[in-house]
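Student: Yeah, the first sequence ends on 1045 if you go by this note's numbering, and it's all consecutive. Yeah, the Cβ is synthetic: ideal placement off N, Cα and C, and Gly gets one too. Below is the structure I would like to discuss, written out as structure tokens.
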Amino acid sequence: MPELPEVETTINGLRILKNKKVIKVKVYTKKLRYNIPDYIHKTITGQRIKEINRIAKYILIKFKNNITIIIHLGMSGRLKILKKNFIKEKHDHLMLYFRDNYVLALNDTRKFSFVDVVETENICNKKYISSLGIDALSNKLSADYIYGKIHKSVVPIKQILLNQHIVAGIGNIYASEILFDAKISPLTLGRDLLADQINQIIKSIKKILKKAIRYKGSSIRDYRSFDGTLGNFQSNFKVYGKAGKKISSYEIIKIIQYGRTTYFCPKIQKEQNSN
DNA sequence: CACTCTCCCTGAAAGC
DNA sequence: TGCTTTCAGGGAGAGT
């Protein structure tokens, strides 16, 4: 579920917790992808949230005592904000109770999410943070940068887009959507991409991700209540999940690349070498 | 080093 | 209908 637009939408929803004080921390499932550190209790109980932001798909909840909770949502994780008379649901693994009856719950069916607790100034010492490439929405993302990373690569562009060490934030759905928008075949190898194509990919990254964020943002009720709905962007998918459907008489197909599904329209998305 | 594959986990959907 | 198999939006770590 959570790629960059979902994470962005989530942190926008979480901002109502700014300045609120944690009065209790409950860990219902310690072992997620990694164990939730035991010291989460004493490091944030009684503390107020200073700010909430993200690095790529990592959510950072920063407290005023210089502690940051880092949350990665994995495949199926989501954060819910609950009010006083909430009911704990299946797969709620961590709950932060705030003054004023707010509760923040991490719910994750598949337990691929993780929660880390670090001193704020040491966030970048975490290997999973420091090894990230440039954020997909950063204006530092340039064709020169991408070219430098991929001009010798024999990996297909679809997989390159999923590589968080190159561009951070794109996931499996938006990778297909971005390449369709750029009219580039997901099979094209990194070293075969032309400068124009790299520029086009960057444009499509911004366009698709921003549009996705806009659609989530337009359904405020969805994320304010954190009811698990995906927002409205699904109906905007052009190719993802649409194998067998047609775009102006050209068929969309599904292939498997590196164990992940890719959807594309071969007639519209050309490989440079096949022309 | 660069690339590829498996695995972590649960449940919905597809297959039989 | 009910049982079995496949697959899912992420990413680390092992293997080649």
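Output yes or no for whether 8 Å exceeds the beta carbon distance between residue 955 and residue 1027.
Tutor: It is not a contact, given that the beta carbons lie outside the stated cut-off.
Student: Measure the C-alpha to C-alpha separation of residue 850 and residue 787 and round it to an integer number of angstroms.
Tutor: If you take the alpha carbons of residue 850 and residue 787, they lie about 12 Å apart.
Student: Can you tell me which of the three DSSP states residue 1033 falls into?
Tutor: The answer is strand: DSSP assigns residue 1033 an E or B state.
Student: Around the Cβ of residue 944, are there at least 16 other Cβ atoms within 10 angstroms (buried) or fewer (exposed)?
Tutor: That one is buried.
Student: Where in the region 788–874 do unbroken runs of the alpha helix (DSSP H), each at least 4 residues long, occur, reported from the N-terminal end onward?
Tutor: Taking only runs of at least 4 residues, the alpha helix (DSSP H) segments lying wholly in the region 788–874 are 810–814.
Student: Out of 892, 936, 960, 908, point me to the one whose CA is closest to residue 925's CA.
Tutor: When each option's Cα is compared against that of residue 925, the closest is 960.
Student: Just reading off the alpha helix (DSSP H) that residue 950 is part of, what are its end residues?
Tutor: That run of the alpha helix (DSSP H) goes 942–951.
Student: Identify the residues that DSSP records as bridge partners of residue 775: which are they?
Tutor: According to DSSP, residue 775 bridges with nothing at all.
Student: Using 8 Å as the threshold, is the region 860–880 in touch with the region 794–811, meaning 3 or more CB pairs across them?
Tutor: In short, these stretches touch, since the Cβ pair count reaches three.
Student: Between which two residues does the beta strand (DSSP E) harbouring residue 1023 extend?
Tutor: Residues 1023–1027.
Student: Under 8 Å, do residue 882 and residue 844 count as touching if we go by C-beta distance?
Tutor: Yes, Cβ-Cβ distance for residue 882 and residue 844 is below 8 Å.
Student: I'd like to know whether the C-beta atoms of residue 822 and residue 832 end up nearer to each other than 8 Å.
Tutor: Contact: yes.
Student: So, are the CB atoms of residue 774 and residue 939 less than 8 Å apart?
Tutor: Yes; because the gap between Cβ atoms is below 8 Å, this pair is in contact.
Student: State the start and end residues of the unbroken beta strand (DSSP E) segment that holds residue 962.
Tutor: Where residue 962 is concerned, there is no enclosing beta strand (DSSP E), given that its DSSP letter is neither H nor E.
Student: Could you spell out where the beta strand (DSSP E) holding residue 889 opens and where it closes?
Tutor: Element bounds for residue 889: 884–889.
Student: What residue range does the alpha helix (DSSP H) around residue 911 cover?
Tutor: No alpha helix (DSSP H) holds residue 911; DSSP gives it neither H nor E.
Student: Which residues in the same chain have their Cβ closer than 6 Å to the Cβ of residue 952, if we skip the five residues on either side of it in sequence?
Tutor: Closer than 6 Å at Cβ, skipping near neighbours: 970, 971, 974.
Student: Could you tell me which residues DSSP pairs with residue 876 in its beta bridges?
Tutor: Looking at the DSSP assignment, residue 876 forms a beta bridge with 849, 864.
Student: Our contact map puts residue 906 next to residue 937 with C-beta atoms below 8 Å; I'd like the distance itself, whole angstroms only.
Tutor: 5 Å between Cβ atoms; contact.
Student: Relative to the alpha-carbon of residue 853, which residue among 920, 874, 860, 778 has its alpha-carbon at the smallest distance?
Tutor: It is 874 whose Cα lies nearest to the Cα of residue 853.
Student: To the nearest angstrom, report how far apart residue 837 and residue 967 are at their CA atoms.
Tutor: Each residue's Cα considered, the two are about 42 Å apart.
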